[in-house]
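Everything on this sheet refers to the single structure shown next.
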Amino acid sequence: MYTKINEATLKIQSLCQKKPKIAIILGSGLGPLAHLVENPTVIDYQDIPHFPVSTIPGHAGQLILGTIEGCDVLVMSGRFHYYEGHDMETVTLPIRVFSKLGIENLIVTNAAGGLNDDYMPGDVAIIDDHFSFFAPSPLRGPNLDEFGPRFKDMTEVYSKRLSDLTERIAKKQGMPIKHGVYCFCQGPMFETPFEIRALKHLGVDLVGMSTVPEAIVARHCGMNTLGLSLITNKAAGLSNNELSHQEVMEAANKAEKQLVALVKEVIKEWDQA
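The end of the sequence shown is residue 1542 by this note's numbering, with every number in the run present.
Right under this line is the structure:
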């Protein structure tokens, strides 16, 4: 694993000398956020050792290094999913690489189904916590001592100060913002109505097929993480609509402007958190 991390890191460094402060992972339909990056250096995943090629619509499969609001950033336009057949080491490899590059801050975004009755498609929610029991542990196996301890505390996976900053900015922009608990499900099938009812009973607000493995590894690496979910649909059984990836993409594209404006301002005020 160390060999994979080091080879990927060295390749990125050979292609771009910038030293990003913040890494941003873009979820389904949120690729247009990459357009925020100024003076970009674009690296295709296929040119990075051990990075798989993205297979999901809405995931460009590129690392983009540049600036947003004068801050050096690295944007991951498209992620790797467990349901694509990757093991957890591969799914979370980019987080280890980001840490090796010296990045200490992470914004992770996703498109999610809403379980909370107050959530509507197009809403944005700050992830306060997650439910990870369905995620094979990305920390399983020999511990990578260079990045973190064998047994890592998970009390605050998502930074409270960054969540508070994001909420303040959203209110300043007049943008309604939600808070919630996100649950990882393995996919690629959407959840059944019974599964959704059970998760809702447990207090879950959001459900999706990503984010949690990455956030766990980011916490292991000591990163400051902000999690943002774009609610693209009511979860199974909570509306009369049949779920589809096309619906997710369409809803994400409609809410794009709000989310772009929010993320841009959060980066601008990051040091004030």
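From the three backbone atoms N, C-alpha and C, an ideal C-beta is built for every residue, glycine too.
- Query: Pairing CB atoms from the stretch 1336-1352 with CB atoms from the stretch 1410-1420, are three or more of them under 8 angstroms?
  - Reply: no
Judging by CA-CA distance, which residue of G1335, M1444 and I1312 is the nearest neighbour of E1525? M1444
*Option nearest V1426 by Cα separation, candidates T1480, D1386 and H1470*: T1480
List the residues that DSSP assigns as beta-bridge partners of N1493. N1374
Cβ-Cβ distance between T1310 and L1279 below 8 angstroms: no
Please classify M1389 as buried or exposed, where buried requires at least 16 other C-beta atoms within 10 Å of its C-beta. exposed
| task | Determine the burial state of T1494: buried for a count of at least 16 other Cβ atoms within 10 Å of its Cβ, exposed for fewer. | result | buried
Exercise for the section: Classify Q1331 as buried or exposed, calling it buried when 16 or more other Cβ atoms lie within 10 Å of its own Cβ. Expected result: buried
Would you be able to state if there are at least three C-beta pairs under 8 angstroms between the stretch 1467-1481 and the stretch 1428-1441? no
Using CA atoms only, rank isn't needed, just tell me which of A1303, D1356 and V1476 is closest to A1394. V1476
* Do you know how far the Cα of F1453 is from the Cα of F1403? -> 6 angstroms
Kindly identify the DSSP beta-bridge partner or partners of T1310. L1334
_Continuous beta strand (DSSP E) assignments of at least 3 residues falling wholly in the stretch 1417-1486_ = 1446-1453 and 1475-1477
DSSP three-state label for L1499, please. strand
**Request:** Determine the closest residue to N1308 out of L1528, V1322 and G1339, with distance taken between C-alpha atoms.
**Result:** G1339
Margin query: Could you give the first and the last residue of the continuous beta strand (DSSP E) run that contains V1553?
Written below: What is shown of the chain runs 1270 to 1542, which leaves residue 1553 out entirely.
Spatial neighbours of L1284 in its chain, beta-carbon cut-off 8 angstroms, leaving aside the 5 residues before and after:
T1310, I1312 and D1316
Q.
Give me the DSSP bridge partner(s) of I1536.
A. DSSP lists no partner for I1536.
Worksheet item: With a cut-off of 8 angstroms, do at least 3 Cβ pairs link the stretch 1449-1464 to the stretch 1362-1375?
Response: no
Excluding the five sequence neighbours on either side, which residues of its own chain have a C-beta within less than 6 angstroms of the C-beta of V1529, listed in chain order? L1302
Take K1421 as the anchor and find which of Q1541, A1277, K1290 and I1485 has the nearest alpha-carbon. I1485
Margin query: Restricting to Cα atoms, I'd like to know which of T1435, P1405 and P1407 is closest to I1396.
Written below: T1435
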